[in-house]
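Q: Those protein sequence lines, which keep their order, are chains A and B. Residue numbers for the first sequence follow the numbering used here, beginning at 815 and rising by one. Residue numbers for the second sequence follow the numbering used here, beginning at 556 and rising by one. First the structure, which I've put down as structure tokens, then a few questions once you've had a look.
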Amino acid sequence: MPYLSNIIFAILLFLAVFVFRRNILFIKRNIQMGKAVDRSDHSKARWSNMFRVALGQSKMVSRPVAGVLHIIVYLGFVLINLELIEIVLDGLLGTHRLFAPFMGGFYNLLIASFEILAALVLVSVIVFWLRRNVVRINRFWKDEMKGWPKMDADYILYFELVLMTLFLSMNATDQLLQQAGTPRYTQAGLFPISQWMTPLFSSFSDPTLLLLERSFWWLHILGILVFLNYLYYSKHLHILLAFPNTYFQNLNPKGKFKNNEAVTHEVKLMMNPNADPYAAPSAEIPEKFGASDVTDLNWVQLMNAYTCTECGRCTDQCPANQTGKLLSPRKIMMDTRDRLEEVGRNITKSVGFVDDGKQLLDDYITREELWACTSCNACVEACPIGIDPLSIIIDMRQYLVMEQSAAPSDLNKMMTNIENNGAPWPFSNQDRMLWAHEN
Amino acid sequence: MHVPTLAELTAEGKKPEVLFWVGCAGSFDERAKKITKSFVKILQKAEVSFAVLGTEESCTGDPAKRSGNEFLFQMQAMTNIEVMNAYEVTRIVTTCPHCFNTLKNEYPSLGGKYEVMHHTTFINTLLKENRFTISGTTYKGKRITYHDPCYLGRANQVYQAPRELIQKLDAELVEMRNCKSKGLCCGAGGAQMFKEPEKGNKDINIERTEQAMETQSEIIVAACPFCNTMMTDGVKNKEKEGQVQVQDIAEMISKAEDL
């Protein structure tokens, strides 16, 4: 069976891509459960945002240590994946270092730079692990990070650690096979890092080396295929979603909260003396004002939830969180995603949503969290990839106030004052000019 | 002091170059009224023709909107817009970043389109146009720190105008460890001003006041009546009223120029 390995490879590759595609479609369907919001304007500014913020990582470096390390891992990820093209073709065609004969010296340069990147990624990933687990940076140890989120973050680091080690070990054994003149292992590549690893393997016989090289090669590519499908279950989707997320992010000044059009319609009717109070209600009246569940949010907010990497920069900057309040903007995003996944599974299972007696409000996000927000936009500013937790908080406050009249009593007093005398305090509007007559 | 209302000027067939939106804090709050008066003195010194709405002004609706009461916000907004559009208002200046943000960003989609400026930006323009100069030395060499109001800074990217004014006063501006886009909120935004804070281990204004005190400044400058209240309370809580003052830039300019 000379083609056995090619066939096995093709099947595994197909399976990995198939499952990945299924997961992506599942995410897409869930995001599309969100309400419509038009973000088709200013395409130039949007592309520029995507290039600067997602591709260029411009907001990452506001924290220099994490920022620079992240750029290294990101560059490593993007560039080393170029080598993946060759690995996949080799796997399908049964060749070895397919591109080497065509690229000459440039091939050596590429392989050498992949190796250097791989080593830098290894170092960065180790520093990331130390920051999480030894230095124990505060934002990685907040309440919402307990359990799966903490494990998930570590698993991703282990994955990268193993993949990079396999990549370098594969090259190290390859070199030894090249030196021994093993058939198919033609002289190719330049190995500035893995050449220092060859002593680890030099005592092995040629057949053992061949077995090791093949094992490293297979484990490396299988690891990548597994990681591809781990994405969906992890916080790591940002490597894909950061791009659309920065493209579709809000371009207005951060202080501009969106106008609730449904309310505008109602208010105009109320203020128009010519309106017919007995006219049939217009079809534009929504079933609900504000948001109590994920399907009341818009699709950009839902995409935000899938994009969140749980880095916690938002929570770290949040004044409420810093002073010990329950609110954590990161938890708002994590809760939104968890609930969205739950609704999604419900729909898949029952072919249509079956009421599960749960919702985003109360079952995931408590009122205490929502009322702790100062709407200061620190979380929005801090997010390196344009996620907006504040908009979700305000939408949920709208539900609490307009559907349930459930604002804290102090706020109800403030609102009653505005209604009665046009100021948040109980002063008569006739006294507005008193200041001009006082000394 | 005589402050003309838009109704009076219109009756006289006059049209001011700018409407001064006083805001509820500026109209009713004892501390904020001083800021209002200082700013009026600056306007008068620079011979700006301005007017206020007086009893025709009503809350912009900002705290209602941040609380989630979109109905009340839009009622307020539409009423105010009706008044201002009837007077053909085109330019507005205000000493309150919350009014500034709401008028500038949230009124246009409801039919109120105006050029809206915060007073720090407006005073800077007056200086650049040589309509007014700062020569007083009251604050020369004094250590001063500036607190960025969220709705001026992060929300609308106004970081430089207030800082330029502090420099014009010849004061030594010392930044806090969290400033500009990373400025920490005073704790009043999002309608928190009107309610007790949720439970935690500290009040936000205390945290921010501590950051301000780290700079060893004599004066904490706030460019927002709510930040002013929060920081003043913070300083009182630390029993430092004797050493540290909380001031609005308009008050400082008015004092330096002996207005």
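Even for Gly, the Cβ is constructed at its ideal location relative to N, Cα and C.
1) List the residues that DSSP assigns as beta-bridge partners of Y701 of chain B.
2) Apart from the five residues just before and just after H653 of chain B, which ones in its own chain have a Cβ nearer than 8 Å to its Cβ?
3) Starting from V801 of chain B, trace the beta strand (DSSP E) both ways and give me its first and last residue.
4) For N863 of chain A, tell me which candidate among A:A1237, A:F1057 and A:G1158 has the shortest Cα-Cα distance.
5) Taking only beta-carbon atoms, is R586 of chain B less than 8 Å away from chain A?
6) Is there a Cβ from chain B that is less than 8 Å from the Cβ of K1102 of chain A?
7) So which residues on chain B does D1149 of chain A lean against when the C-beta distance must stay under 7 Å?
8) Using the C-alpha atoms, what's the distance from A606 of chain B back to N640 of chain B?
9) Could you give the C-beta distance for K1232 of chain A and Q631 of chain B, rounded to a whole number, given that I count them as a contact under 8 Å?
10) If the criterion is Cβ atoms closer than 8 Å, does the pair A710 of chain B and K1068 of chain A meet it?
11) 8 Å is my cut-off, CB to CB: does R853 of chain A come that close to chain B?
12) Which whole-angstrom value is the C-beta distance of E773 of chain B and R718 of chain B, which I expect to be below 8 Å?
13) I'd like to know whether the C-beta of A1186 of chain A is nearer than 8 Å to at least one C-beta of chain B.
14) Take I808 of chain B as the anchor and find which of B:V573, B:E563, B:A580 and B:L598 has the nearest alpha-carbon.
15) Using CA atoms only, rank isn't needed, just tell me which of A:M1085, A:L827, A:N1074 and A:N947 is closest to A850 of chain A.
16) Go ahead and pull the three-state DSSP assignment for V939 of chain A.
17) Just how far apart, CA to CA, sit W1113 of chain A and M768 of chain B?
18) Where F655 of chain B and Y1178 of chain A are concerned, what is the direct C-alpha to C-alpha distance, given to the nearest angstrom?
19) Buried or exposed: which applies to E602 of chain B, given that a residue is buried once 16 or more other Cβ atoms fall within 10 Å of its Cβ?
20) Can you pull the chain B residues whose beta carbon is under 7 Å from the beta carbon of D1224 of chain A, in chain order?
21) Taking the alpha carbon of R1028 of chain A as the reference point, which residue from A:E1080, A:M1117 and A:Y999 has its own alpha carbon closest?
22) Assign M965 of chain A to buried or exposed, taking buried as 16 or more other Cβ atoms, counted over all protein chains shown, within 10 Å of its Cβ.
23) Taking only runs of the alpha helix (DSSP H) that begin and end inside the region 1120-1196 of chain A, which ones reach a length of at least 4 residues, in chain order?
24) Can you round the beta-carbon distance between C734 of chain B and D703 of chain B to whole angstroms, since I take them to be within the 8 Å contact cut?
25) Output, in sequence order along the chain, the residues in the region 944-956 of chain A whose CB is closer than 9 Å to any CB in chain B.
26) Pick helix, strand or coil for M672 of chain B, following the three-state DSSP scheme.
27) Around the C-beta of W861 of chain A, are 16 or more other C-beta atoms found within 10 angstroms, so that it is buried, or is it exposed?
28) Assuming T700 of chain B and M731 of chain B are in contact, meaning their beta carbons sit under 8 Å apart, how far apart are those beta carbons, in whole angstroms?
29) Cutting at 7 Å between CB atoms, please list the residues of its own chain near F828 of chain A, excluding the five before and the five after it.
30) Between L1214 of chain A and L1174 of chain A, how many whole angstroms is the CB-CB distance? I'm expecting something under 8 Å.
31) Across the region 1157-1168 of chain A and the region 1124-1137 of chain A, are there enough close Cβ pairs to call them in contact, namely three or more that are closer than 8 Å?
32) Please report the straight-line C-alpha distance between E643 of chain B and S604 of chain B, rounded to a whole angstrom.
33) For the alpha helix (DSSP H) containing I1206 of chain A, list its first residue and its last residue.
A: So, to answer that:
1) Sequence index remark: in the second sequence, residue 701 of chain B carries index 146 (1-based). For Y701 of chain B, which the question treats as bridged, DSSP gives the partners B:V776.
2) Taking the second sequence and counting its residues from 1, the one referred to as residue 653 of chain B is at position 98. So the list reads G578, T615, D617, P618, Y706, G744, C779 and F781, once near-sequence residues are dropped.
3) As a position in the second sequence, residue 801 of chain B is number 246, starting the count at 1. Taken as a continuous stretch (DSSP letters only), the beta strand (DSSP E) holding V801 of chain B covers Q800 to Q802.
4) The sequence position of residue 863 of chain A within the first sequence is 49, counting from 1. Out of A:A1237, A:F1057 and A:G1158, A:F1057 has the C-alpha closest to the C-alpha of N863 of chain A.
5) Taking the second sequence and counting its residues from 1, the one referred to as residue 586 of chain B is at position 31. No - not a single Cβ of chain A is within 8 Å of the one on R586 of chain B.
6) If you number the first sequence from 1, residue 1102 of chain A lands on position 288. No, no contact with chain B.
7) Start at 1 with the first residue of the first sequence, and residue 1149 of chain A comes out as number 335. Residues of chain B passing the Cβ test: none, with the nearest at roughly 17 Å.
8) Numbered from 1 along the second sequence, position 85 holds the residue referred to as residue 640 of chain B. Numbered from 1 along the second sequence, position 51 holds the residue referred to as residue 606 of chain B. Cα-Cα distance, rounded: 15 Å.
9) Taking the first residue of the first sequence as 1, we reach residue 1232 of chain A at position 418. Taking the first residue of the second sequence as 1, we reach residue 631 of chain B at position 76. The identity of residue 1232 of chain A in the sequence shown is Ile, whereas the question assumes Lys. Right, the Cβ-Cβ distance comes to about 7 Å (below 8 Å), so this counts as a contact.
10) As a first step, residue 710 of chain B is located in the second sequence; it is residue number 155 there, counting from the start. As a first step, residue 1068 of chain A is located in the first sequence; it is residue number 254 there, counting from the start. Their beta carbons are under 8 Å apart, which means A710 of chain B touches K1068 of chain A by this criterion.
11) Your numbering for residue 853 of chain A matches position 39 in the first sequence. So no, R853 of chain A is outside the interface.
12) Along the second sequence, read from residue 1 onward, the residue named residue 773 of chain B stands at position 218. Along the second sequence, read from residue 1 onward, the residue named residue 718 of chain B stands at position 163. Not confirmed; about 17 Å, so no contact.
13) Here residue 1186 of chain A refers to the residue found at position 372 of the first sequence. True, the Cβ-Cβ gap to chain B drops below 8 Å.
14) Position 253 of the second sequence, counted from the first residue, corresponds to residue 808 of chain B. It is B:L598 whose Cα lies nearest to the Cα of I808 of chain B.
15) Position 36 of the first sequence holds residue 850 of chain A. Nearest option by C-alpha distance: A:N1074.
16) Stepping through the first sequence from its first residue, residue 939 of chain A is reached at position 125. If DSSP states are grouped into helix, strand and coil, V939 of chain A belongs with the helices.
17) Position 299 of the first sequence, counted from the first residue, corresponds to residue 1113 of chain A. Position 213 of the second sequence, counted from the first residue, corresponds to residue 768 of chain B. Answer to the nearest angstrom: the Cα atoms are 44 Å apart.
18) Locating residue 655 of chain B in the second sequence gives position 100, counting from the first residue. Locating residue 1178 of chain A in the first sequence gives position 364, counting from the first residue. Their Cα atoms are separated by approximately 35 Å.
19) Along the second sequence, one-based indexing puts residue 602 of chain B at 47. Exposed, because fewer than 16 other Cβ atoms sit within 10 Å of the Cβ of E602 of chain B.
20) The residue labelled residue 1224 of chain A in the question sits at position 410 within the first sequence. F749, K750 and E751, listed in chain order.
21) For the purposes of this step, residue 1028 of chain A is taken as the residue at position 214 of the first sequence. Answer by Cα proximity: A:Y999.
22) Here residue 965 of chain A is taken as the residue at index 151 of the first sequence, counted from 1. Exposed.
23) 1127-1131, 1133-1136, 1143-1164, 1174-1177, 1181-1185 and 1192-1196
24) Locating residue 734 of chain B in the second sequence gives position 179, where the first residue counts as 1. Locating residue 703 of chain B in the second sequence gives position 148, where the first residue counts as 1. With a Cβ gap of about 6 Å, C734 of chain B and D703 of chain B count as contacting.
25) none
26) In the second sequence, residue 672 of chain B corresponds to position 117, counting from 1. It is a strand residue.
27) Counting from 1 along the first sequence, the entry for residue 861 of chain A is found at position 47. Exposed, because fewer than 16 other Cβ atoms sit within 10 Å of the Cβ of W861 of chain A.
28) Here residue 700 of chain B refers to the residue found at position 145 of the second sequence. Here residue 731 of chain B refers to the residue found at position 176 of the second sequence. About 6 Å separates the two Cβ atoms, so the contact holds.
29) One-based indexing of the first sequence puts residue 828 of chain A at position 14. So the list is empty, once near-sequence residues are dropped.
30) In the first sequence, counting from the first residue as 1, residue 1214 of chain A sits at position 400. In the first sequence, counting from the first residue as 1, residue 1174 of chain A sits at position 360. About 12 Å; that fails the 8 Å criterion.
31) no
32) The sequence position of residue 643 of chain B within the second sequence is 88, counting from 1. The sequence position of residue 604 of chain B within the second sequence is 49, counting from 1. When rounded, the distance between both Cα atoms is 15 Å.
33) Taking the first sequence and counting its residues from 1, the one referred to as residue 1206 of chain A is at position 392. Here the alpha helix (DSSP H) through I1206 of chain A covers P1203 to Q1212.
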